[in-house]
């Protein structure tokens, strides 16, 4: 049963081939058996999962139906989950048990999903390797010596290893798409505002967005259907009708205009990845797509702009963790200043401290105009580039990452080298656009992903292109050895 996709599980539950409880118990056993190799879970919620599975079976017995009713998933450990530890991968929140559910968790629970646990992540979602977690690094199931990507690396590794069919993730600068690429999954970052951020512990509020991670575009469509929609509790949520994402999966790609930005294929891209991207382009051309070269001239400024804006927002968001109200508190503080300093110094890891200091500096008197304001102006230019490009093309295609998954610890001494791994993904966050990564092949046994970007609220178009591509390729069906 562990090889079933979400869509396959929905069919099996509907025709009573198995019950949700049977499936849940089998997957929990598999997680306990195999996850020690991966470290992809922070918390495994056996009792909650069995209770939810029994409730889902009862709902089906009463005549209810639904694609997600009884489907097992896991949540990235920054979605608040009532009665369950929500740690954000940090010592700061190691003892925090959420008193409420995030909107995403509540909506998926209402749809009948079964929560198997909370997945490991880079601390406060800051990282591209899932090495900064207080609970230790996550390992890539395709090669246990390599990183799975971050910050949603726990969700990615768990789904790729067939511990469960799908999981939630969040994407601030590529943290769904990049680990999806490095573990051979389909990962979707929706349009900013499409999925509620209420109850999702914030890193950078103008960039963060929750989304689905699964093996297929079809499964991502099912999970996004349960996640998306307006939420009056989230001031950044957009009141836009949610289409039936599954209904558009089988549309023809005849005449679809795909843009290839010339800036994507310069120095810094592994030529073996470039070859696989071009191979995916040829497959899409066979399906009727038309390829056009385009330009995104301000892409070169994306990384410096992002690494001013994101840390600036992080320094503001993380100021609430002060050792007073909740979270980690140092022992025997001498006074209030000592309480603040030691609680934060002991509770936050080095990468979080680095980004807080960068962000606080960028927002400080005398530097706000020089750094933060200038970065926001560059952000607008990047958005304008996309708007101009989408006047002539329907989607934009390119590599998801410039390199293959690297060995654990290989970039620890050079944080900037890790930051550069986000070069293709962060522009979508700066502009608020939807983006998707889909499996496109392997190099030296390690997965490669191709990224698709589309205009605002065109998630259905991305899922359609990925689904059609997955009908003529089998990269998404490959399974890591030993799993």
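Residue numbers (the working numbering): 751 to 1233. Ideal Cβ positions, reconstructed from N, Cα and C, are used throughout, including at glycine. Since the model is a prediction, treat every value here as computed from it, not as a measurement.
Determine the DSSP secondary structure at residue 1149, reduced to helix, strand or coil.
It is a strand residue.
Can you pull the DSSP bridge partners for residue 1008?
Answer by DSSP bridge pairing, in chain order: 1041 and 1145.
Taking the runs of the beta strand (DSSP E) that are 3 residues or longer, which of them lie wholly in the region 765 to 850?
Runs of the beta strand (DSSP E) inside the region 765 to 850: 791 to 794 and 822 to 826.
May I have the straight-line CA-CA distance separating residue 1078 from residue 1208, to the nearest angstrom?
About 41 Å.
Tell me which residue opens and which closes the alpha helix (DSSP H) that residue 1124 is part of.
1124 to 1139 is the span of the alpha helix (DSSP H), which, as asked, contains residue 1124.
State the CB to CB distance for the pair residue 901 and residue 876, rounded to an integer number of angstroms; the pair is presumed to be in contact (CB under 8 Å).
Right, their Cβ atoms sit about 7 Å apart.
Where do the ends of the alpha helix (DSSP H) carrying residue 982 lie?
Segment: none, residue 982 is in no alpha helix (DSSP H) and carries neither H nor E.
Considering only the alpha carbon of each residue, which of 867, 769 and 843 lies closest to residue 811?
Ranking 867, 769 and 843 by Cα distance to residue 811 puts 769 first.
Who are the Cβ neighbours of residue 971 in its own chain at under 7 Å, not counting the five residues just before and after it?
Result list for residue 971: 995, 996, 999 and 1213, in chain order.
Apply the 10 Å Cβ neighbour rule to residue 802 and answer buried if 16 or more other Cβ atoms are within range, or exposed otherwise.
By the neighbour-count rule (16 or more Cβ atoms within 10 Å), residue 802 is buried.
DSSP three-state label for residue 933, please.
Residue 933: helix per DSSP, three-state reduction.
Closer than 7 Å by C-beta to residue 912: which residues in its own chain qualify, once you throw out the five before and the five after it? Chain order, please.
Answer for residue 912: 752, 753, 1229 and 1233, listed in chain order.
Report the rounded CA-to-CA distance for residue 1220 versus residue 1227, giving the unit in angstroms.
The straight-line gap from Cα to Cα measures roughly 9 Å.
Considering just the uninterrupted stretch of the alpha helix (DSSP H) at residue 1036, what are its terminal residues?
Here the alpha helix (DSSP H) through residue 1036 covers 1021 to 1036.
Tell me which residue opens and which closes the beta strand (DSSP E) that residue 924 is part of.
Unbroken run through residue 924: none, as it is neither H nor E.
Nearest to residue 1080 by CA position, among 1071, 1092, 1070 and 1086, is which residue?
Among 1071, 1092, 1070 and 1086, the Cα nearest to that of residue 1080 is on 1092.
Taking the alpha carbon of residue 1060 as the point to measure from, which residue in 1026, 1115, 916 and 1108 has its own alpha carbon closest?
Residue 1108 is the option with its Cα nearest to residue 1060.
Out of 1205, 1106 and 772, which has the shortest C-alpha to C-alpha gap to residue 954?
For the residues 1205, 1106 and 772, the minimum Cα distance to residue 954 belongs to 1106.
Work out the CA separation of residue 1015 and residue 868 for me, nearest whole Å.
Residue 868 and residue 1015: Cα-Cα distance of roughly 37 Å.
Taking all protein chains shown into account, decide if residue 1266 is buried (16 or more other Cβ within 10 angstroms of its Cβ) or exposed.
Shown here, the chain extends from 751 to 1233; a query on residue 1266 therefore has no answer.
Under 8 Å Cβ to Cβ from residue 1101, same chain only, skipping five residues before and after it: list those, please.
So the list reads 872, 873, 876, 877, 882 and 1165, once near-sequence residues are dropped.
Is residue 897 helix, strand or coil when you go by DSSP?
Three-state DSSP puts residue 897 in coil, outside helix and strand.
Out of 991, 870 and 850, which has the shortest C-alpha to C-alpha gap to residue 840?
Nearest C-alpha to residue 840: 870.
Could you check what DSSP says for residue 1201 in three-state terms: helix, strand or coil?
Correct three-state label for residue 1201: strand.
Which same chain residues, not among the five before or five after residue 1167, have their C-beta less than 7 Å away from its C-beta?
Closer than 7 Å at Cβ, skipping near neighbours: 1161.
I want to know whether the region 840 to 851 touches the region 760 to 774 - three or more CB-CB distances under 8 Å.
Short answer: they don't touch.
Can you tell me the Cβ-Cβ gap for residue 1195 and residue 893, rounded? I've got them flagged as a contact below 8 Å.
About 6 Å separates the two Cβ atoms, so the contact holds.
Quick one: give me the first and last residue of the alpha helix (DSSP H) that residue 1091 is part of.
Note, residue 1091: alpha helix (DSSP H), 1086 to 1097.
Could you pull the start and end residues of the beta strand (DSSP E) that residue 866 belongs to?
Per DSSP, residue 866 belongs to the beta strand (DSSP E) from 864 to 869.
What residue does the beta strand (DSSP E) around residue 961 start on, and which one ends it?
First-last of the beta strand (DSSP E) with residue 961: 960 to 964.
Alpha carbon to alpha carbon, how far is residue 1218 from residue 758? Give it in angstroms, no decimals.
Their Cα atoms are separated by approximately 18 Å.
Could you name the residues of the same chain whose beta carbon sits closer than 8 Å to that of residue 1174, not counting the 5 residues immediately before and after it, in chain order?
Excluding sequence neighbours, residue 1174 sits near 924, 1014, 1148, 1149, 1150, 1151, 1152 and 1201.
Which stretch, first to last residue, makes up the beta strand (DSSP E) that contains residue 1191?
Looking at the DSSP string, the run of the beta strand (DSSP E) that includes residue 1191 is 1185 to 1193.
Can you give me the start and stop residues for the alpha helix (DSSP H) that residue 1105 sits inside?
Per DSSP, residue 1105 belongs to the alpha helix (DSSP H) from 1100 to 1113.
For residue 1074, is the classification buried or exposed, using 16 other Cβ atoms within 10 angstroms of its Cβ as the cut-off for buried?
Classification for residue 1074: exposed.
Below 8 Å between beta carbons: does that hold for residue 789 and residue 919?
Taking 8 Å as the Cβ cut-off, residue 789 and residue 919 do not qualify as a contacting pair.
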